[in-house]
Amino acid sequence: MWRREAPHVLAALLRRHGRFDDCEDALQLALLAAAEQWPRDGVPHNPAGWLVRVASRRVVDQVRADTARRGREERAARLDRVDEGVAPSPRAGTEDDDAGRGDDTLNLLVLCTHPSLSPSSQVALMLRAVGGLTTREIADAFFVPEATTTRRITRAKATLREAGARFAHPDARTLAGRLPAVRQAVSLIYTTGHAARSRPGSSDGTLTTTAVHLARELCRRCPGDPENAGLLALLLLTQARRAARFTASGDLVPLDRQDRRLWDRDLMDEGVQALERALPVGYVGSFQLQASIAAVHADAADARDTDWAQILALYDMLERVDPTPAVSLGRAVATAEVHGPLAGLALLEGMPPPGSHRLLAARGHMFARAGLAEEARADLLRAASLTRSIPEQRYLNRLAADL
């Protein structure tokens, strides 16, 4: 519940008090207070309003404590009036209104893509402010140490303060200029939530649901941008398979073995329709191509009917548009399906030394298909040791044991 409410509470605080760093710090303190008090005293009738009220008091306390800066006393007096229920502007509204504005999360994303921030800082800050991720979860998403992420977020908040960035409803030009960074953040929020569902104690889909909501908002606010529709299509087509990813006992089911009757056909249809709206525009970007690959999988009634030649052609295009290690790995897998495992292994040889469990798992599968059991077993066991997902560990260890 905290992760769901946090973006709206932060937006309400920003409308009232303005400074991102003060508001975000105050929200974290309010969340800590909630974690201590709610289990003991019960969840309040209006959780978001409770968080807004407590965090606002924290901001006021912080302002009072910092008397060295000019104008702090005057600002504290204004904030006192806010805390007593006097709205500083017509936009502030009531606690319920502040915590429930439909565009709050999207407006926060735009704030976090301020041009003064580096791309890595933008995404880290968005995952913290909108996704509600901990610094550890963000560090895992970036594959960097937790201390690095902490410094990155701290610097980002300081940069926003120095740049005088304000929380406001973006105009069309501002939104269009920041869309690439916003899309990347939405995608990473979804990917993080998707991965979290395979970890112990991480069964809720708050992050994936939030990401889909944000993708819908992007399409609503900028309906003419084909990459927005491509992003929405990709998330919907991926989300549609969620019920088939695990058995009732929690074991991982790979895509080629999933019971496709469990796939959500309504989400599939919506995803395909979003993709069809995007493709005729002319420009084809990364998210449109990724969604096209997902649509080919969705179109196959059985894994054996998958049109791997079409998928390989799409990966060829995608690697030209978005030449990342993940795309190169996907292209190698598609190549192995079309031209055989040795062809896929040849492509993997040109990639950097494997430090990711996904590359090792893919290579292990290819070795197994090529009849190289010893090499396959070594890669699969190494991949199992690197992933934090218990279902993936069980699956990879089982494959290695069966060789």
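In terms of full-length UniProt numbering, the sequence shown opens at residue 1 and continues consecutively. A virtual CB, placed ideally from N, CA and C, is assigned to each residue, including glycine. This structure is a prediction, so every number in the text was calculated from the model and none was measured.
Worksheet item: Given residue 136, which residues of its chain have a CB within under 7 Å of its CB, disregarding the five upstream and five downstream residues?
Response: Within the sequence shown, residue 136 is the residue found at index 136, counting from 1. The beta carbon of residue 136 sits closer than 7 Å to those of 146, all from its chain and outside the five residues before and after it, given in chain order.
Worksheet item: Among all the DSSP beta bridges, which residues are the ones paired with residue 246?
Response: Here residue 246 is taken as the residue at index 246 of the sequence shown, counted from 1. Per DSSP, 252.
Item to complete: Please report how far the alpha carbon of residue 178 lies from the alpha carbon of residue 139, in whole angstroms.
Response: If you number the sequence shown from 1, residue 178 lands on position 178. If you number the sequence shown from 1, residue 139 lands on position 139. In a straight line, the C-alpha of residue 178 is about 23 Å away from that of residue 139.
Worksheet item: Who are the Cβ neighbours of residue 44 in its own chain at under 6 Å, not counting the five residues just before and after it?
Response: Walking along the sequence shown from the start, residue 44 turns up at place 44. Apart from the 5 residues on each side of it in sequence, residue 44 sits with its Cβ closer than 6 Å to the Cβ of 50 in its chain, given in chain order.
Worksheet item: Exposed or buried, residue 183, counting other C-beta atoms within 10 Å across all chains shown (16 or more means buried)?
Response: Mapped onto the sequence shown, residue 183 falls at position 183. By the neighbour-count criterion, in which a residue is buried when 16 or more other Cβ atoms sit within 10 angstroms of its Cβ, residue 183 is buried.
Worksheet entry | Close Cβ partners of residue 87 (< 6 Å) along its chain, the five nearest in sequence each way excluded | For the purposes of this step, residue 87 is taken as residue 87 along the sequence shown, with counting starting at 1. Only weak support exists for where residue 87 lies, its pLDDT of 37 falling under 50; the value from the coordinates is given anyway. For residue 87, there are no CB contacts under 6 Å within the same chain when 5 residues up- and downstream are skipped.
Item to complete: Go ahead and pull the three-state DSSP assignment for residue 123.
Response: Looking up residue 123 in the sequence shown gives position 123. Here residue 123 sits in helix by DSSP.
Fill in: Nearest-angstrom beta carbon gap, residue 208 and residue 194 [assumed within contact, 8 Å]
The count along the sequence shown starts at 1 and reaches residue 194 at position 194. The count along the sequence shown starts at 1 and reaches residue 208 at position 208. So it is a contact: roughly 6 Å between Cβ atoms.
Worksheet item: If residue 313 sits next to residue 275, beta carbons under 8 Å apart, how far is it from one beta carbon to the other, in whole angstroms?
Response: Reading the sequence shown from its first residue, position 313 is the one you call residue 313. Reading the sequence shown from its first residue, position 275 is the one you call residue 275. At roughly 16 Å, the Cβ-Cβ gap does not stay under 8 Å, so residue 313 and residue 275 are not in contact.
Worksheet item: With 7 Å set as the bound, which would you pick, yes or no: does the beta-carbon of residue 44 sit closer than that to a beta-carbon of chain B?
Response: The structure shown contains no chain B; it holds only a single protein chain.
Discussion item. Please report the distance separating the alpha-carbon of residue 23 from that of residue 59.
Written reply: Within the sequence shown, numbered from 1, the residue matching residue 23 stands at position 23. Within the sequence shown, numbered from 1, the residue matching residue 59 stands at position 59. Going by the C-alpha atoms only, they are around 7 Å apart.
Practice prompt. Reducing DSSP to helix, strand and coil, say where residue 263 ends up.
Written response: Stepping through the sequence shown from its first residue, residue 263 is reached at position 263. Here residue 263 carries a coil assignment [DSSP, helix/strand/coil].
Worksheet item: Distance, Cα to Cα, residue 121 vs residue 280?
Response: One-based indexing of the sequence shown puts residue 121 at position 121. One-based indexing of the sequence shown puts residue 280 at position 280. Distance between the alpha carbons of residue 121 and residue 280: 34 Å.
Discussion item. To the nearest angstrom, how far is the alpha carbon of residue 85 from that of residue 53?
Written reply: Along the sequence shown, read from residue 1 onward, the residue named residue 85 stands at position 85. Along the sequence shown, read from residue 1 onward, the residue named residue 53 stands at position 53. Unreliable placement is indicated for residue 85, whose pLDDT of 47 sits below 50; the coordinate value is still reported in the next sentence. Near 10 Å, if we compare the C-alpha coordinates of residue 53 and residue 85.
Worksheet item: What does a CB cutoff of less than 6 Å around residue 243 pick up in its chain, not counting 5 residues either side in sequence?
Response: Within the sequence shown, numbered from 1, the residue matching residue 243 stands at position 243. Around residue 243: 262.
Discussion item. Here's the rule: buried if 16 or more other CB atoms are within 10 angstroms of the residue's CB, otherwise exposed. What is residue 113?
Written reply: Reading the sequence shown from its first residue, position 113 is the one you call residue 113. Buried, since its Cβ has 16 or more Cβ neighbours within 10 Å.
Worksheet entry | Of the listed residues 299, 188 and 318, nearest to residue 109 (C-alpha basis) | Residue mapping note: residue 109 aligns to position 109 of the sequence shown, counting from 1. 188 is the residue among 299, 188 and 318 whose C-alpha sits nearest the C-alpha of residue 109.
Practice prompt. Can you give me the Cβ contacts of residue 395 inside the same chain, cut-off strictly under 6 Å, excluding the 5 residues immediately before and after it?
Written response: One-based indexing of the sequence shown puts residue 395 at position 395. Excluding sequence neighbours, residue 395 sits near 252.
Discussion item. According to DSSP, is residue 218 part of a helix, a strand, or is it coil?
Written reply: Start at 1 with the first residue of the sequence shown, and residue 218 comes out as number 218. Here residue 218 sits in helix by DSSP.
Item to complete: Answer with buried or exposed for residue 162, where buried requires no fewer than 16 other C-beta atoms within 10 angstroms of its C-beta.
Response: As a position in the sequence shown, residue 162 is number 162, starting the count at 1. Residue 162 should be labelled exposed.
Practice prompt. Could you tell me if residue 203 is buried or exposed, where buried requires 16 or more neighbouring beta carbons within 10 angstroms of its beta carbon?
Written response: Taking the first residue of the sequence shown as 1, we reach residue 203 at position 203. At residue 203, the pLDDT of 43 sits below 50, so the modelled position is not reliable; the number obtained from the coordinates is stated separately. When all chains shown are included, residue 203 counts as exposed.
Worksheet item: Just the Cα atoms here: how many angstroms apart are residue 92 and residue 9?
Response: For the purposes of this step, residue 92 is identified with residue 92 of the sequence shown, where counting begins at 1. For the purposes of this step, residue 9 is identified with residue 9 of the sequence shown, where counting begins at 1. The predicted model places residue 92 with a pLDDT of 38, which falls under 50 and marks its position as unreliable, so this point remains unresolved.
Fill in: Distance, residue 150 Cα to residue 131 Cα
Taking the first residue of the sequence shown as position 1, residue 131 is located at position 131. Taking the first residue of the sequence shown as position 1, residue 150 is located at position 150. Roughly 16 Å separates the two Cα atoms.
Worksheet item: What number of angstroms, rounded off, separates the C-alpha of residue 370 from the C-alpha of residue 341?
Response: To locate residue 370, count along the sequence shown from 1; it is residue 370. To locate residue 341, count along the sequence shown from 1; it is residue 341. If I take the Cα positions, the gap works out to 6 Å.
Discussion item. Let me confirm a value: residue 32 is counted as buried when at least 16 other C-beta atoms fall within 10 Å, else exposed. Which label applies?
Written reply: Your numbering for residue 32 matches position 32 in the sequence shown. The residue is exposed, with fewer than 16 neighbouring Cβ atoms inside 10 Å.
Practice prompt. Please confirm whether residue 124 and residue 152 have their CB atoms less than 7 Å apart.
Written response: Translated into positions along the sequence shown, residue 124 becomes position 124. Translated into positions along the sequence shown, residue 152 becomes position 152. Yes, the pair counts as a contact, with Cβ atoms nearer than the cut-off.
Worksheet item: Candidates 181, 233 and 222: which alpha carbon is nearest residue 212's?
Response: Counted from its first residue, the sequence shown places residue 212 at position 212. With distances taken between Cα atoms, residue 212 lies closest to 233.
Fill in: residue 328, DSSP secondary structure in three states
The residue labelled residue 328 in the question sits at position 328 within the sequence shown. For residue 328, the three-state secondary structure derived from DSSP is helix.
Worksheet item: Which parts of the UniProt domain "RNA polymerase sigma-70 region 2" (2-66) are runs of the alpha helix (DSSP H), unbroken and 4 residues or longer, counting only runs that do not cross its ends?
Response: Unbroken alpha helix (DSSP H) stretches of 4 residues or longer found wholly inside the UniProt domain "RNA polymerase sigma-70 region 2" (2-66): 2-17, 20-41 and 47-65, given in chain order.
Practice prompt. Count the other C-beta atoms from every protein chain shown that fall within 10 angstroms of the C-beta of residue 328, then say buried if there are 16 or more, exposed otherwise.
Written response: On the sequence shown, position 328 is the one that residue 328 refers to. So residue 328 counts as buried.
Worksheet item: To the nearest whole angstrom, what separates the beta carbons of residue 336 and residue 317, a pair I think is in contact under 8 Å?
Response: By one-based count along the sequence shown, residue 336 stands at place 336. By one-based count along the sequence shown, residue 317 stands at place 317. Contact flag wrong, Cβ pair sits at about 19 Å.
Fill in: Where residue 330 falls, given that 16 or more other Cβ within 10 Å makes a residue buried
In the sequence shown, the residue the question calls residue 330 occupies position 330. It is buried - the Cβ of residue 330 has at least 16 other Cβ atoms within 10 Å.
Discussion item. Here's a check: name, in chain order, each residue in its chain whose Cβ is nearer than 8 Å to the Cβ of residue 5, leaving out the five neighbours to either side.
Written reply: Counting from one through the sequence shown, the residue named residue 5 turns up at place 5. Cβ neighbours of residue 5 beyond the five flanking positions: 47, 48, 51 and 99.
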